[in-house]
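Scroll down for the structure; my scribbles are underneath it.
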Amino acid sequence: MHKLLEDAPGKEMLLLGNEAIARGALEAGVAFATCYPGTPSSEIPEQFFNISRETDLYFEYSTNEKVAMEVGAGAAVSGLRTMVTMKHVGLNVAADPLMTLAYTGVKGGMVLINADDPSLFSSQNEQDNRYYARLSGLAMLEPTNTQEMKDWTVAAFDLSEEVGLPVIVRTTTRLNHIRGAVTLGSMRPRVTKAHFQKNPFHYVCVPAVSRNLHKELLQKYDRLLAKSEKSPLNQITGDGRWGIVTNGVSFDYVMDAVDDLGISDKVKILKMGFSWPLPKELCAGFMKSVDKVLVVEELEPVMENDLRAVAQEQGITVPIVGKGVGGLSRLFEYDPRLVRGAVAACFGLEHKAPAPVDLTDLPPLPGRPPTLCAGCPHRATFYAVKEVYGPDAVNPTDIGCYTLGLLPPLSMGDFVICMGSSVSSACGFSKATDQKVVAFIGDSTFFHSGITGLINAVHNNHKFTLVILDNGTTAMTGHQLHPGVDSTPMGLNLPQVVVEDVVRGCGVKDVHVVKPFNIKKTIESLKASLDYDGISVVISKEFCPLFAKAIGEARKAKPFTVNQDKCKNHRDCITKLACPAMYLEGDLVYINKNLCIGCSVCAQVCPENAIVPLKD
Amino acid sequence: MDIKRCVFVGVGGQGNLLASNLLGQAALDMGIPVVVSEIHGMAQRGGVVESAVLMGGAKSPIVSNGEADVVVSFEPLETLRILFRCNGKTLVITNAQPLPPFTVAVGLGKYPPVDEILDKIRTKVGKVIALYGNDLAEEAGNVLSLNMVMLGALIGSGATPVTEEVMKKTIGHSTKKAFLESNLKAFDLGREVAEKLMPS
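Each protein sequence line maps, in turn, to chains B and D.
Numbering-wise (the working numbering), the first sequence opens with residue 3 and increments by one.
Numbering-wise (the working numbering), the second sequence opens with residue 44 and increments by one.
As structure tokens, this is what we get:
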């Protein structure tokens, strides 16, 4: 039995933040879960995926976040308790359904988990999604530790069902990836079937309907506001005259800072757990009871500005400070030392932190950047494209492991802004310049949001080459399913949507399917695409080696070795491929047989044929 | 209870996340307030992996620059790189056997001699325990048990409130039978080195 299914109220477990959220959903009787994976949210659906295989919980990896939100909407409007999870930029994709789902509302509780990524550990930006609560008019809860991630997920389901609106639970990477003690609660039964009650004049959002629905949303918003004013999730502690308002993981840093500085008798802290709608009366009362307010919040000065507005409305003149105090920035995640310093600076305290060691006399340290794995098929494809198209071609790329191709010596990546942008931006590059354009997109990203761009390219007669890096899985986020995956090795029988069929169905005439470890044939196909007058698609098909190993389909090939008698030290293998299985010893190139998977690409690149399979 | 801030660092694949999780579980089993944090993401792609275990009632899940009480590092170059988390009192427990990054392999940087790395670290922090972790793991019969060697050294150093007995029990609960004997042996080999080097 999956550990999160244990029906043992009161038991204490060490859970990952994301596991705590999944557990909270299960305790609340979640029946239906959808997602598109994205760091730092991916371990939530991973739990649901595994649990759905041993229970009647419905779970799917949806094609993208918009689809996940809409699939979830259908279930929640029918009456099922539904969870939809995504990372912060995923909510941009899903914003369209979300904004109007706020109008129709839901019948079964619907909780949207939104994971922000301050410091951009694994994202293209660090936008602050607290604005989405303000934009949509939906409630937002912001837990501060693993216990609250579990408990408040349950609370979010109850709130959602009570008010009839989806509820957003916002986390940040730091919370998703902490492990802490969680005391389990009891499990409510799962209700897995509903009957949809038709009501087109409520659910079909034509203008005449939506005018009424907008009014209803504002009424529901007022009910939410009344609840946030009284919610135990917004907690005031202490009775000093120095006020601190904080949320999320910053609350933890504030509490430690207060301890370290020994000022618990001087401060009063407002933890904003039910942070939207902003509990105005609670905030006003808090501000009136202190001499100064410090707002500690990562990213944008959202609460800081909200509090200023409340103060203005109510004629409160207490100083409100936040960004700029003691290094509190709109950039990146905070840490205990930073927050301690800011609290001390704000209230005029001396504090002594241990001095970090002096690093000025360290030798230059060689970097250890993440790199494409040994035997990664992307490396072979990038090499072949570079050989054919040269360094002047523009290479819009996309979001996945292959984004690492931007690093030298491959240097294959010129423009990325979001999922799917490779294909559509290539349309722009090809019209705006006379440069050759070769775009890269992975298989999962292609299904996520590459298809519409490709149809655009066909219809508007754009001329570029799209290389689809089809490694048979969603590699970057941990090998999740997508529509193109053959799910039989996982013991599933989900119909597989074949990339080539989709490409042809979009109207692309020039389609090549290549095996990237066959460099010569790959180069031939790329040359044909170079000469083609129109949109050309090259599908480069080879398993992600980590995935292949995980499903028991690893290559059976022998590792390769350098025949030192034949090697003339051109070093094309190193300077053009940069495979981490290769290393220099003295002046000579060697191959680490434990890392080499026998892809043979270096052997094909070597001008002396000096790289050969290792003999037993 | 004193707050203990431990930082674990290693290279993707070395198993330092498992080590920090087991330490967290053992602390929980002893009733010690604990929070563990880890950075996921591109660990499998050969990058640096850092995690933190805070015991004794800290609410913050991470350790700021200069504020680690203990650093457990699985790779000497990474020990040098993570020195920014240390202060003059920090205990550094480090594997002395390098895993050179790919950049060195292709001539984009030079790996400093390990003796120089260790000498440099000794001048800056409170105490250094350096051990031949990979050799000890091999001696234990499982080259993948480096994380157990390092965990053993941490427990042997006495720098955390977690006891040998509870730590071994936690390892026992979470290790497949086939690896249990070698894992516990690796743990003991690391523990013995640290016990010898720490004043009792």
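The C-beta atom is built at its ideal place from N, Cα and C for all residues, glycine as well.
Across the structure, V86/B and N178/B are spaced so that their CA atoms are roughly 15 Å apart. L494/B: not part of any alpha helix (DSSP H); DSSP gives it neither H nor E. C49/D is bridged by DSSP to V96/D, V113/D.
Annotated three-state conformation of G195/D is helix, per DSSP. Within chain B, L16, R181 have C-beta atoms less than 8 Å from the C-beta of N64/D, given in sequence order. Between the alpha carbons of N177/D and P120/B lies a gap of roughly 36 Å.
Here G89/D is not bridged, per DSSP, to any residue. One finds V147, A148, V149, G150 in chain D with Cβ atoms closer than 9 Å to the Cβ of L586/B, taken in chain order. Of the residues G100/D, I75/D, T137/D, V52/D, the one whose Cα lies closest to the Cα of R234/D is T137/D. Near chain D, meaning a CB-to-CB distance below 7 Å, the residues of the region 543-555 of chain B are L548. Chain B has no Cβ within less than 8 Å of the Cβ of A202/D.
Membership of P547/B in the alpha helix (DSSP H) is indicated by the continuous run 547-552. Inter-residue distance for M3/B and V149/D is about 47 Å (C-alpha atoms, whole angstroms). With distances taken between CA atoms, A605/B lies nearest to H572/B out of D589/B, H572/B, D618/B.
Beta-bridge partners assigned by DSSP to W244/B: V269/B, K294/B. For the region 107-120 of chain D, the beta-carbon criterion of a distance under 8 Å to any beta-carbon of chain B is satisfied by S107, N108, G109, E110, L120. The region 508-563 of chain B is shown to contain whole alpha helix (DSSP H) runs of 4 or more residues at 521-533, 547-552, in chain order. The beta carbons of M289/B and N249/B sit no closer together than 8 Å. Taking C-beta atoms as the reference points, G92/B and Y38/B count as a pair closer than 8 Å. Proximity of P582/B to chain D, defined by a Cβ-Cβ separation below 8 Å, is satisfied. Taking C-beta atoms as the reference points, V52/D and E81/D fail to come closer than 8 Å. The Cβ-Cβ distance between W244/B and K270/B falls below 8 Å. As computed with DSSP, M142/B is found in a beta bridge with I170/B, W278/B. Counting C-beta atoms within 10 angstroms of its own C-beta, Q221/B has fewer than 16 neighbours from the protein chains shown and is therefore classed as exposed. Using a C-beta cut-off of 8 Å, the region 420-428 of chain B makes contact with the region 452-461 of chain B, since at least three inter-stretch Cβ pairs fall below that distance. Counted as a single uninterrupted DSSP element, the stretch harbouring K228/D is not any beta strand (DSSP E) but the alpha helix (DSSP H) occupying residues 220-240.
A direct Cα-Cα distance of roughly 18 Å separates D258/B from V327/B.
Judged by DSSP in its simplified three-state form, C429/B adopts helix. Contact of V79/D with chain B is assigned, a C-beta pair being separated by under 8 Å. Using beta-carbon distances, C129/D counts as an interface residue toward chain B, with a partner under 8 Å. P141/D does not reach chain B, its nearest Cβ partner there being about 11 Å away, counting only Cβ pairs nearer than 8 Å. Excluding five sequence positions before and after Q437/B, the CB atoms of its chain that fall closer than 8 Å to its own CB belong to D394, A395, V396, F431, given in chain order.
Around the beta carbon of G131/D, fewer than 16 other beta carbons lie within 10 angstroms, which makes this residue exposed. About 6 Å separates the beta carbons of L219/B and A104/B, which is inside the 8 Å limit, making them a contact pair. Between the region 349-357 of chain B and the region 100-120 of chain D there are three or more C-beta pairs closer than 8 Å, enough to call the two in contact. Listed along chain D, the residues sitting closer than 8 Å to G369/B by beta-carbon distance are P144, T146, L151, G152.
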